[in-house]
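In what follows, a structure is listed as structure tokens, so that the remarks can point back to it.
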Amino acid sequence: MAAQYRGTSSRAPDEAAVTPGPAGTPPGSGAPTPGGANPARGGVLAGRAAPYVLILPALVATALLLGYPLVRNVIISFQTLNAFQLIQHTTQWAGFSNYKEQLTSADFWHTTERSIFFTLANVALIMLGGTLVGLLLNRLGKRMRLTLSLGLILAWAMPYVAGTTVYQWLFDTRYGVVNWTLYKLGWHSMHGYNWFGSQLSTFAVITLMVVWGSIPFVALNLYAGLTTISTEIFEAARMDGASAWRTFSSVLFPMLRPFFLSTTFLEIIWVFKAFTQVYALNAGGPEGLTETLPVYAFVEGVGNQHYGSGAAISVLTILILMALMSYYFRIILKQEDDL
Amino acid sequence: MRRSPFARFWPNAVALVLFVFFVFPVYWMVTTAFKPDLDIISTTPVFLPIHGTFSHFDKAVHAAGFWTLVRNSFTVTVCSVLLSLLVAMAAAFAVARMRFRGRKAFILIVMMAQMAPWEVMTISVYMIVRDQDMLNSLLPLTLFYMMMVLPFTIWTLRGFIAAVPKELEEAALMDGCTRLQAFVRVVLPLLAPGLMSTSLFGFITAWNEFPLVLILNKESGQTLPLWLTQFQTNFGDDWGATMAASSIFTVPVVVVFLVLQRRAVGGLTAGAVKG
């Protein structure tokens, strides 16, 4: 993925190569192991095995810590595993019944629909907002740009859990500053409004929080990408009498296409998987109406101790996520072919 | 270039509004943490905390087990990041410098692993850890956090290693260094900035992780994110203390971000660090 960013991602490695300067050059004298075994002959065998030895720890870790949980997840999804079986340590196979139960349940489909709609709405807002803020950063003077960047970085650096506590406080029914502001603006019905009492308003707060926390990533990255494009291109476009929109759609967007593509897909993944923000804010409430698929799997599996159905939901979630990302995977695969 | 005063003015005005939009929640968190209770629950919000107090921080810091949680969080985070650096460095070196069968397959595995849906794997992770009788221990957390940051670490280090001129290494080999010596003496010092920024991103991920610790360490061995959600439940409407606790939890991350500001931008897109 890094390779797509032309200037932006290669900048750091360049610095890495340059900074230590001459100090980093080999000592030359005093090489301690001359002679010994013939390096050329020993080197062939060691050389052939070396890469595999080097990637072995990473492969083992991935297989044990990621592969095994994934497989286990699938296995559990075919079991009847509730509190009883858990305590008794018994294995009770269920065939496809967990899946059948989910696929015929209205709750599951509502949650899926909600999850996808939530993802699309958030990603659209994030990409639109992030692009506009990024373009604005490019247009600002130095001082104002630094100011806005600082604000973006602060929002970005806010950990999800801390972010949710802050948003709960901002939207607090009695003492929340949001209700007070709306009241002062003449919206008197908002006095003492309970934001976490209805589905739509809870989603509104979650969305605001997610968009607030995600725009900085898109905006700052877009700005970094823009700085790698020479200003002459814009000058040329302006000379040709292109409007701002035309410049964006015909010049900028095509140049930054890889950026928009990968950022959009990253955001889709992140928003679709969003668990902490949704769960920590209101635990999927009121009455499970803001449960997205990851939260639904958690509540059903861990909360209600239906581990088997929870696992089935998570397998289905992964499948849906993969379907959403298949297009992106195809592009990545193609890129690796060019490597 | 000629631009009307209006054309010069509006971007600044918009930027200012946006600045307030992004900063206000952070500002509100920090100032609430310093306000005396009367200012927090006043009918008119107090926008400037004139009467500052440390009592909320005092309460948060002296909450039961706070320092154990801080220690847990730091232990898990630092260990997982160091472990992943070690594992990733070897793999990244192989991928950046060597041609071998299966290289592309390995790269693909790394990319897929980067998108691992940890949030929905809580149930199987719980089962695995329970079967090992390791619930409420820091070791499984460390290992899983290591795995969470590993793909990104490999991916980023690969770029940094590839950027070190091969000639430097070859010169060291000519001088009689073994490949390991050449790596340790020549490549490693040059990688320092890369290792720094990579590990800082790992720090953020591990420091913030919530779903796994929520299910694995309910009784003991908790970390700060979990504490924070419970703190809020336990302290009810004590917003001053809650905001103080949130601020304390946020500080290390903000410090990390300010340290890597420039690198955070651009380089970060390389991996799915955020989630």
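Top line first, the protein sequences correspond to chains A and B. In terms of the numbering used here, the numbers along the first sequence are unbroken and rise by one, the last being 339. In terms of the numbering used here, the numbers along the second sequence are unbroken and rise by one, the last being 1275. Glycine included, each C-beta is placed from N, C-alpha and C at the ideal position.
Is there at least one Cβ from chain A nearer than 9 Å to Leu1016(B)'s Cβ?
For Leu1016(B), the closest Cβ of chain A is nearer than 9 Å.
Please list, in chain order, the chain A residues whose beta carbon lies closer than 8 Å to that of Leu1216(B).
Neighbours of Leu1216(B) on chain A: none; closest Cβ ~11 Å, over 8 Å.
Just how far apart, CA to CA, sit Gly1267(B) and Gly1202(B)?
Note that Gly1267(B) scores 49 on pLDDT, short of 50, meaning its location in the model is unreliable; the coordinates nonetheless yield the value given after this. Gly1267(B) and Gly1202(B): Cα-Cα distance of roughly 14 Å.
Range of the contiguous alpha helix (DSSP H) that encloses Pro1140(B):
Unbroken alpha helix (DSSP H) run through Pro1140(B): 1138 to 1163.
Bridge partners for Trp93(A) per DSSP, in chain order?
The partner list for Trp93(A) (beta bridge, DSSP) reads Gln79(A).
Residues sharing a beta bridge with His306(A), DSSP:
Within the DSSP bridge table, the entry for His306(A) names Asn82(A) as partners.
Residues in its own chain within less than 8 Å of Leu321(A) by CB, not counting five upstream and five downstream?
Contacts found: Ile269, Phe272, Lys273.
Taking all protein chains shown into account, do 16 or more other C-beta atoms lie within 10 angstroms of the C-beta of Ile1050(B), making it buried, or fewer, making it exposed?
Looking at its Cβ environment, which holds fewer than 16 other Cβ atoms inside 10 Å, Ile1050(B) is exposed.
Close beta carbons around Ala1241(B), own chain, < 7 Å, minus the five adjacent residues each side
Excluding sequence neighbours, Ala1241(B) sits near His1056, Lys1059, Ala1060, Phe1235.
Is any beta-carbon of chain A found at less than 9 Å from that of Ala1206(B)?
No, because no Cβ of chain A sits closer than 9 Å to the Cβ of Ala1206(B).
Quick one: any contact between the segment 123 to 141 of chain A and the segment 310 to 327 of chain A, if contact means 3 or more CB pairs under 8 Å?
Using a C-beta cut-off of 8 Å, the segment 123 to 141 of chain A makes no contact with the segment 310 to 327 of chain A, since fewer than three inter-stretch Cβ pairs fall below that distance.
Taking Cβ to Cβ, would you say Ser1080(B) is nearer than 9 Å to Leu1143(B)?
The criterion of a C-beta distance shorter than 9 Å is satisfied by Ser1080(B) and Leu1143(B).
Looking at the structure shown, is Phe217(A) part of a helix, part of a strand, or coil, going by DSSP?
Of the three classes helix, strand and coil, the one that applies to Phe217(A) here is helix, per DSSP.
Measure the CB-CB distance between Ala280(A) and Thr1229(B) and report whether it falls below 9 Å.
With respect to the 9 Å criterion, Ala280(A) and Thr1229(B) are classified as neighbours on the basis of their beta carbons.
To which residues of the same chain is Ser1168(B) closer than 6 Å at the C-beta, ignoring the five residues directly before and after it?
Per the sequence shown, the amino acid found at residue 1168(B) is Leu instead of Ser. Excluding sequence neighbours, Leu1168(B) sits near Val1186.
Taking Cβ to Cβ, would you say Ala157(A) is nearer than 9 Å to Val1256(B)?
Cβ distance < 9 Å, so Ala157(A) and Val1256(B) count as in contact.
Round the Cβ separation of Phe1231(B) and Ala1063(B) to the nearest angstrom and send it over; I've been treating them as touching at under 8 Å.
The Cβ separation is near 7 Å, so the contact holds.
Does any C-beta atom of chain B lie closer than 9 Å to the C-beta of Thr164(A)?
Yes, Thr164(A) counts as interfacial toward chain B.
According to DSSP, simplified to helix, strand and coil, what is Pro26(A)?
Residue confidence is low: Pro26(A) scores 39 on pLDDT, short of 50, so the model does not pin down where it sits. No coordinate-derived value is stated.
Mind pulling the chain A residues with CB within less than 7 Å of Gln1232(B)?
Neighbours of Gln1232(B) on chain A, chain order: Thr165.
Distance check for Leu1214(B) and Ala1119(B), CA to CA, integer angstroms please.
At residue 1119(B) the sequence reads Glu, which differs from the Ala that was named. For Glu1119(B) and Leu1214(B), the distance between alpha carbons rounds to 11 Å.
Count the other C-beta atoms from every protein chain shown that fall within 10 angstroms of the C-beta of Glu232(A), then say buried if there are 16 or more, exposed otherwise.
Exposed.
Taking the beta carbon of Val53(A) as the centre, do at least 16 other beta carbons fall within 10 Å, making it buried, or is it exposed?
Counting Cβ neighbours within 10 Å, Val53(A) comes out exposed, since fewer than 16 surround it.
DSSP state of Ala1245(B) mapped onto helix, strand, coil
Ala1245(B): helix per DSSP, three-state reduction.
For Asn1012(B), return the contacting residues in chain A, with the cut-off set at a CB-CB distance below 8 Å.
Neighbours of Asn1012(B) on chain A, chain order: Leu140, Gly141, Met144.
Within 10 Å of its beta-carbon, does Met1174(B) have 16 or more other beta-carbons around it, so buried, or fewer, so exposed?
Met1174(B) should be labelled exposed.
Going by Cα to Cα distance, which pick from Leu1135(B), Met1111(B), Met1112(B), Val1110(B) is closest to Thr1122(B)?
For the residues Leu1135(B), Met1111(B), Met1112(B), Val1110(B), the minimum Cα distance to Thr1122(B) belongs to Leu1135(B).
Assign Lys1166(B) to buried or exposed, taking buried as 16 or more other Cβ atoms, counted over all protein chains shown, within 10 Å of its Cβ.
Per the 10 Å Cβ criterion, exposed.
Compute the beta-carbon to beta-carbon distance between Leu266(A) and Val1026(B), rounded to the nearest angstrom, for a pair I have assumed lies under 8 Å.
In this structure Leu266(A) does not touch Val1026(B) by the C-beta definition: roughly 24 Å separates them, more than the 8 Å allowed.
Given Leu1224(B), which residues of its chain have a CB within under 6 Å of its CB, disregarding the five upstream and five downstream residues?
The beta carbon of Leu1224(B) sits closer than 6 Å to those of Leu1069, Ser1073, Phe1249, all from its chain and outside the five residues before and after it, given in chain order.
Here's the rule I'm using: 16 or more other beta-carbon atoms within 10 Å means buried, otherwise exposed. How should Gln277(A) be labelled?
Classification of Gln277(A): buried, given that the 10 Å Cβ count is 16 or more.
Should Pro1049(B) be flagged as near chain A, meaning a C-beta pair shorter than 9 Å?
No, Pro1049(B) lies away from the interface with chain A (no Cβ there is under 9 Å from its Cβ).
Interface partners of Ala1088(B) on chain A, CB under 8 Å:
What Ala1088(B) touches in chain A: Ala58.
Run down chain B in chain order and give the residues with a C-beta less than 9 Å from the C-beta of Pro254(A).
Per Cβ cutoff of 9 Å: no residues; Pro254(A) is ~18 Å from chain B at best.
Does the segment 231 to 246 of chain A come within contact of the segment 90 to 100 of chain A, defined as at least 3 CB pairs closer than 8 Å?
Judged by Cβ distances under 8 Å, the segment 231 to 246 of chain A makes no contact with the segment 90 to 100 of chain A, as fewer than three pairs qualify.
Near-chain A residues of the segment 1227 to 1257 of chain B - C-beta to any C-beta below 7 Å
So the list reads Leu1228, Thr1229, Gln1232, Trp1239, Thr1242, Met1243, Ser1246, Phe1249, Thr1250, Val1253, Val1254, Phe1257, given in the order they occur along the chain.
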